[in-house]
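One structure is given below, encoded as structure tokens.
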Amino acid sequence: MVISISDNSKKTKKMEDYENETGKFAIWRGRVTEGFKKWQKGEKIYEKDKERIMILVSDEVKSKWLNFVKKFEYTTASKLIREAVNSFIELKESNSSRKPLPQISHELKESLTIIKGYSHLLFEEYKEQLDWDVILKIKTIYDQSLILEHKIIDNLEQPKVEKSHYDILIIDDELLTINLLVDYFEMKNYTCKYFLTGTEALEEIKYSIPKLILLDILLPDIDGYEICKKIKSNENLKKVPVFFITAVPHSEVVGKMSETGADGYFLKPFDFSKFKILFDYL
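Take 14 as the starting number for the sequence shown in the working numbering and just add one per residue.
Here is the structure:
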């Protein structure tokens with residue numbers, strides 16, 4: 014029987030799929046083509062300038078691919094494979110043209126050095142001559158440059174496998190507090206390392222165990238109570254002294270001491286005479 018169709022508007026969805034996949038007509042001169050009939054029966058249609066490639070896969074992989082074909086309405090598994098291979102090639106070529114992360118880190122740091130350096134210089138050398146609101150803006154620029162420097166190091170530079178050695182880990186999202194504490198302990202000849210978020214700090218102590226941890230309670234991601242619980246429940250870290258540094262009410266902190274296992278606390282603003290107890294741990 015010959016199927017005759019004189020109007021292209023009568024094309025079925027299958028016919029359109031066939032034409033898109035093979036580049037051939039499903040209807041020619043008002044008749045359904047033999048190529049479409051074969052394709053509809055499941056027979057393979059090959060171009061003369063195309064070469065057949067066979068691949069061997071397990072039944073599990075084959076089933077997974079065919080389920081994907083059905084779910085996303087691919088006409089054949091071959092079409093899925095072709096698209097997947099082309100996408101992989103494009104991705105590889107795109108990645109090969111990208112700059113390596115250490116190079117990006119170096120370029121960002123070069124510009125950041127100018128911003129950080131000049132803001133620090135202006136703050137230290139001209140703070141007596143500038144209005145208070147100008148000083149605050151300069152200090153904000155400097156503080157933000159420190160945050161950006163920290164993010165560049167964490168996200169673009171290769172992590173060090175070997176353990177770093179320092180005395181005190183400070184976890185606080187306020188850079189003014191961090192700078193104050195770092196200056197204080199460095200005057201006492203102790204080394205410090207700091208993080209602005211709990212997530213970063215928890216990642217750090219997987220590889221490096223400090224002698225002492227000073228921990229703010231109100232952090233942008235994980236609160237200090239939860240961080241302390243994680244530290245004290247870890248077999249490798251539970252002996253590390255943890256002291257809260259916080260501006261939350263005294264009654265709240267005291268109520269959390271037993272639950273979190275913290276070794277002590279210091280309320281903001283600090284009374285540095287009370288810090289003497291810390292040196293017993295250092």
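Where is the CB? At the ideal position from N, CA and C, for every residue including glycine.
In this text, all values refer to a predicted model and were calculated from it rather than measured experimentally.
| field | Rounded C-alpha distance that separates L286 from K105 | value | First, the amino acid is wrong: residue 286 is Ser here, not Leu. Roughly 59 Å separates the two Cα atoms.
| task | On the DSSP bridge assignment, give the partners of R95 in chain order. | result | Per DSSP, none; premise fails for R95.
| message | Helix, strand or coil, according to DSSP, for T88 in the structure here? | response | coil
| request: On a CA-only basis, which of K83, E56, A90 is nearest V70? Give me that one, please. | output: A90
| field | For L232, the three-state DSSP class (helix, strand or coil) | value | coil
| field | V15 in three-state terms, based on DSSP | value | Residue confidence is low: V15 scores 43 on pLDDT, short of 50, so the model does not pin down where it sits. No coordinate-derived value is stated.
| request: Please report the residue range of the alpha helix (DSSP H) in which T126 lies. | output: 114 to 139
| So, helix, strand or coil for K164, using DSSP? | helix
| task | Compute the minimum distance between the beta carbon of D180 and the heavy atoms of the ligand FAD, and state whether it is under 6 Å. | result | The ligand FAD is not part of this structure, which contains no ligands at all.
| task | Return the first residue and the last residue of the beta strand (DSSP E) that L280 is part of. | result | 277 to 280
| What does C241 pair with, by DSSP beta-bridge criteria? | Answer is none; C241 lacks a bridge partner.
| query | Quick one, are the C-beta atoms of L159 and L194 less than 7 Å apart? | reply | no
| Taking the alpha-carbon positions, what's the N247 to V253 distance? | 10 Å
| Out of K129, A275, N249, T153, which has the shortest C-alpha to C-alpha gap to T259? | A275
| request: Measure from the alpha carbon of L135 to the alpha carbon of each residue in L93, I151, C241, V255, then state which is nearest. | output: I151
| query | Where does Y203 sit, in a helix, a strand or coil, going by DSSP? | reply | coil
| request: Determine the extent of the alpha helix (DSSP H) in which T273 is found, giving its start and end residues. | output: 263 to 273
| message | With three or more beta-carbon pairs closer than 8 Å as the criterion, would you say the stretch 231 to 240 touches the stretch 201 to 212? | response | yes
| Local Cβ density within 10 Å of A214, reported as buried at 16 or more and exposed below that | buried
| query | Based on the DSSP secondary-structure assignment, which residues constitute the bridge partners of T190? | reply | Looking at the DSSP assignment, T190 forms no beta bridge with any residue, so it has no partner.
| message | Which same chain residues end up closer than 6 Å to L227 when comparing Cβ atoms and leaving out the 5 residues on each side of it in sequence? | response | I183, F256, I258
| query | Ordered along the chain, which non-local residues of its own chain (more than five positions away) have a Cβ less than 7 Å from that of E47? | reply | none
| field | Closest residue to P223 among L295, G277, Q157, I128 (Cα-Cα distance) | value | L295
| Nearest-angstrom Cα distance between V261 and T273? | 15 Å
| field | F256 - containing beta strand (DSSP E), residue span | value | 255 to 259
| Which of helix, strand or coil does DSSP assign to E175? | Bear in mind that the predicted position of E175 carries a pLDDT of just 44, short of 50, making it too unreliable to give a figure here.
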